[in-house]
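I have placed the structure first, in the form of structure tokens, so that the comments after it can refer back to it.
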Amino acid sequence: MRHIAVYGKGGIGKSTTSQNMAVALGEMGKKILIIGCDPKADCSRLILHRSIDETVLDLVRDESEIVVDDIVHKGAFGIHCIESGGPEPGVGCAGRGIITALGLVGQLDIFKRDYDFVFYDVLGDVVCGGFAMPIREGYAEEIYIVTSGEFMALYAANNICRGIIKFADQGKVRLGGLICNSRLVDNEIELVESMAKRLNTKVVKFVPRDNVVQYAENEVKTVIEYDSKCEQADHYRDLAKNICNNKDFVIPTPMNKKELNELFLSFQKSSSSAHVRVA
Amino acid sequence: MDILERLNLENATLLEERRKQIFVKLKQDGQFDISCNRQSAAGSVSQRACVFCGSRVVLYPIADALHLVHGPVGCAAFTWDIRGSLSSGASLYRKSFNTDLREIDVIRGGEIKLYDSLVELIDKYKPKAAFVYSTCIVGLIGDDVNAVCRKVEREKGIPVIPVKSVGFSGTKKDGYHAACDSLFSLIKAAPRPAPVQNSINIIGDFNLAGEVWILKRYFERMGVRVIATMTGDGRIDEIRQSPAAALNIVQCSGSMGYLAKLMQGEYGIPFIKVSFFGIDDTVSALRDTAGFFKDPDIIENTEELIAEETARVMPVIKSYAADLAGKRAAVYTGGAFKAFSLIRSLELLGMKAVVAGSQTGDKDDYRQMSDMCENGSIIVDDANTLELAKFILEKDADIFIGGVKERPIAHKLGVGFCDHNHERKIALSGFEGMVNFAKEVHSSVMSPVWQFVPRRKKNH
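In the order they appear, the protein sequences are chains P and U.
First residue of the first sequence: 2, per our numbering; consecutive thereafter.
First residue of the second sequence: 139, per our numbering; consecutive thereafter.
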């Protein structure tokens, strides 16, 4: 069983990419479990074709005896989905929510089932200890960071690498690679590949920008379900294949702000727009 | 205005949520029902404690281990020396170490402080092992305590064992459970020792007032070897040798029965539940243990021991019982098992239990408790102070037997008290323990002072 955590800047397309990738793997006959680690509980909409009300933490709040079937929802291609859930914005502690939810999942022996892949889709800003729960011992062993060629996305990816080092040092978790969700930035492929190399990893897949992803989302579906024969569907199948075959797992080597800024600037086309101030 | 008027118990009413947790026995073999094994009702000031407290009281008596509480200083300070566990040697367990998490640590994470504290303490005290307790704060900020413990263990070469004791994550029973898990991981990590003939482990005795030593004397006399005592007068090395035993005897099954089950599952070591409170219980416990080994010498030694001790103590007990006949007692304990022992011991003294309850009993426990009591008795689960006060007065108990939180209730009401708590200074185990118990109960119940208290004055 491969346990894979997906991190990346908020809004970069982690959940979209994870779900599309999962469906491609499901299509290949793999048994998949997606565990959403985000209080918004929106990590499995496209696979279940609806938003769910029964997150793990909803059931904890109701003090009901929690049984596996209450929290595991079944969707397209036989993919299983669990949503941790969490507090409303502005209250409580979402980090502790993730700790409690994942702790429960562990206790319910869900990992004793024979899944081929377990994906942890984690909230963008890893702001406290709780959001690193998926990469603690006993959970994910591989991490993929979703990014684009935009500066803030790369900055976030670099930052996440700094966090990964701590967990890689004391456990088995490693970085598997970057997934680039294109934002049509100048020289995007070369920039992100160069970034990956500097981080001691590689780009596992460059996913082009294509509006079909939005059209599919509008119908609450993944691309493969919306239009199985389109080019974007094949890109996700390619990503799935690359993940399956990936054997390069590393401890990343993040850079400092100055170096990141310089690397980014070196790929920018015109001189007047090549002025990014680092906070 | 005296305390009875101030408490205004005549007008006190039961909290609606608590109704099902109190059972009044109206007749023998009548319908029995009680709700229990649940979170305490908010607003009802329960006598229970949190998960961390549950773990701490189970593990703290391990004398040569380092006990480090990872959290703010309050958790460590209020559990400092929380039990009256005695040690025959090492005293490191009596220091309550703490990582003193403050505001900035809550924000930045406490793992660095935890690591530094462990290193400093292990270098200074060179313990055989270290236990690291998580507290509420640590559970909230998501410190990866397991990872830090693993790291220090690699560096220092001694077991560094995390205890999953986040205060808000359950009830006191979950704390016991976590403590047993931690102990078991310590035991499992060691290479399995060779089995020792005619040997036992004593599980669920915390050596209050030297009670484990009383038991060890009996077993030595019988010819049964004690490998490890968990956790009273506990030693890390002995605990790691515990799988060598042929049998586990479990006294406090509420807190440590789970460990016995784990050891049975992993090593095939059977366990029996025993009690050493009261004559009958002690005799059964010794006979059950001897009976397991089926060794004629052990059995003979055991019968000799029982005969001698019984002959020695029964006359003394009978003389106390003469004065106590017909007196009434209220019994409230942590676990239900002890309540049974107390009710039986009281019977030996000619007394009856009119109120009986516990913090953590389950439905079968309470049914048994109800069967042991007379009609009109009140059985209560997870009581609050006001309920205990009201029931004691209603049933006109002459003595209240309980723990440290129950003592003030008794004395303020002008009712005698016997401390059966984990801080007690007087041994209540075995034959001599029963004599001590009889003496305690007698001196409390028969004290002339009660005729002057408001409760009695009212009735006259």
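C-beta: ideal position from N, C-alpha, C; glycine also.
Treat the numbers as computed from the prediction; the structure is a model and nothing was measured.
Considering residue i, what are the terminal residues of the alpha helix (DSSP H) in which it resides?
i              : result
S585 (chain U) : That residue, S585 (chain U), is in no alpha helix (DSSP H); it is neither H nor E in DSSP.
M368 (chain U) : No alpha helix (DSSP H) holds M368 (chain U); the beta strand (DSSP E) holding it covers 363 to 369.
R238 (chain P) : 232 to 246
L424 (chain U) : 417 to 431
N159 (chain P) : 152 to 171
F478 (chain U) : 474 to 486
D243 (chain U) : 241 to 246
K550 (chain U) : 545 to 551
I225 (chain P) : 224 to 227
M22 (chain P)  : 15 to 28
By Cβ distance below 6 angstroms, which residues in the same chain neighbour residue i in space, the five residues on each side in sequence not counted?
i              : result
A214 (chain U) : V207, S234, N236
G192 (chain U) : K310, G313, Y314
T367 (chain U) : I340, V350
S272 (chain P) : For S272 (chain P), the predicted structure reports a pLDDT of 49, less than 50, and the residue's modelled location is therefore unreliable. A value from the coordinates is still provided. Cβ within range, chain order: n/a, list empty.
F265 (chain P) : F152
E561 (chain U) : G222, V542
By DSSP's criteria, residue i is part of a beta bridge. Which residues make up the other side?
i              : result
N522 (chain U) : U:S184
D122 (chain P) : P:V7, P:G37
S272 (chain U) : U:H208
L176 (chain P) : P:I144, P:V251
R82 (chain P)  : It should be noted that the sequence gives Cys, not Arg, for residue 82 (chain P). Answer is P:I35, P:H74, bridged to C82 (chain P).
P453 (chain U) : Note: P453 (chain U) sits in no beta bridge, so no partner.
P300 (chain U) : U:V270
L346 (chain U) : U:S223
I516 (chain U) : U:V162, U:V493
A556 (chain U) : One point to set straight first is that residue 556 (chain U) is Cys, not Ala, in the sequence displayed. Paired residues: U:I539.
C181 (chain P) : P:T148, P:F207
K411 (chain U) : U:V388
If you check the beta carbons only, do residue i and residue j fall under 8 angstroms apart?
i              : j              : result
L230 (chain U) : L204 (chain U) : yes
N201 (chain P) : T254 (chain P) : yes
Q379 (chain U) : P333 (chain U) : no
A468 (chain U) : L484 (chain U) : no
A234 (chain P) : M29 (chain P)  : no
C675 (chain U) : D509 (chain U) : Any answer about residue 675 (chain U) is impossible in this case: the structure gives chain U only from 139 up to 598.
S337 (chain U) : A398 (chain U) : no
P135 (chain P) : G87 (chain P)  : no
N247 (chain P) : G177 (chain P) : yes
N345 (chain U) : L224 (chain U) : yes
Q506 (chain U) : Q185 (chain U) : no
Y156 (chain P) : L49 (chain P)  : no
K173 (chain P) : L47 (chain P)  : no
F569 (chain U) : I417 (chain U) : yes
D122 (chain P) : G37 (chain P)  : yes
I180 (chain P) : V205 (chain P) : yes
V493 (chain U) : A548 (chain U) : no
K622 (chain U) : V388 (chain U) : It is not possible to answer for residue 622 (chain U), since the shown part of chain U is limited to 139 through 598.
Taking the alpha carbon of residue i as the reference point, which residue from the options has its own alpha carbon closest?
i              : options                        : result
T427 (chain U) : U:A445, U:P408, U:G416         : U:P408
S149 (chain P) : P:A133, P:L192, P:C162, P:R137 : P:L192
S16 (chain P)  : P:M29, P:G30, P:A42            : P:A42
P297 (chain U) : U:S320, U:Y458, U:L278, U:G209 : U:S320
T151 (chain U) : U:K528, U:V542, U:K543         : U:K528
Q20 (chain P)  : P:K167, P:V69, P:C82           : P:C82
C162 (chain P) : P:V213, P:G172, P:I144         : P:I144
G209 (chain U) : U:H549, U:G277, U:A548         : U:G277
E291 (chain U) : U:R246, U:A474, U:K266         : U:K266
Excluding the five sequence neighbours on either side, which residues of its own chain have a C-beta within less than 7 angstroms of the C-beta of residue i, listed in chain order?
i              : result
C556 (chain U) : I537, I539, E578, V579, S582
I564 (chain U) : A347, N574, E578
R359 (chain U) : N439, L443
D59 (chain P)  : G86
I100 (chain P) : G131, M134
W218 (chain U) : S234
A275 (chain P) : Note that A275 (chain P) scores a pLDDT of 49, beneath 50, so its modelled location is shaky; the value from the coordinates is reported in the next line. Only L266, Q269 meet the Cβ criterion.
R238 (chain P) : A25
For the beta strand (DSSP E) that residue i lies in, which residues bound it at each end?
i              : result
S45 (chain P)  : No beta strand (DSSP E) holds S45 (chain P); DSSP gives it neither H nor E.
Y470 (chain U) : 466 to 471
N386 (chain U) : 385 to 388
F538 (chain U) : 537 to 540
K490 (chain U) : 490 to 496
F190 (chain U) : Note, F190 (chain U): premise wrong, no beta strand (DSSP E); alpha helix (DSSP H) at 189 to 197.
Can you name, in chain order, every residue of its own chain whose Cβ lies under 8 angstroms from the Cβ of residue i, other than the five neighbours on each side?
i              : result
L424 (chain U) : Y356, M360, T440, L443, I444
R156 (chain U) : A179, S182, N522, E525
(Q) If the cut-off is 7 angstroms on Cβ atoms, which residues from the region 272 to 289 of chain U count as contacting chain A, listed in chain order? (A) This model lacks chain A altogether; the protein chains it does include are P and U.
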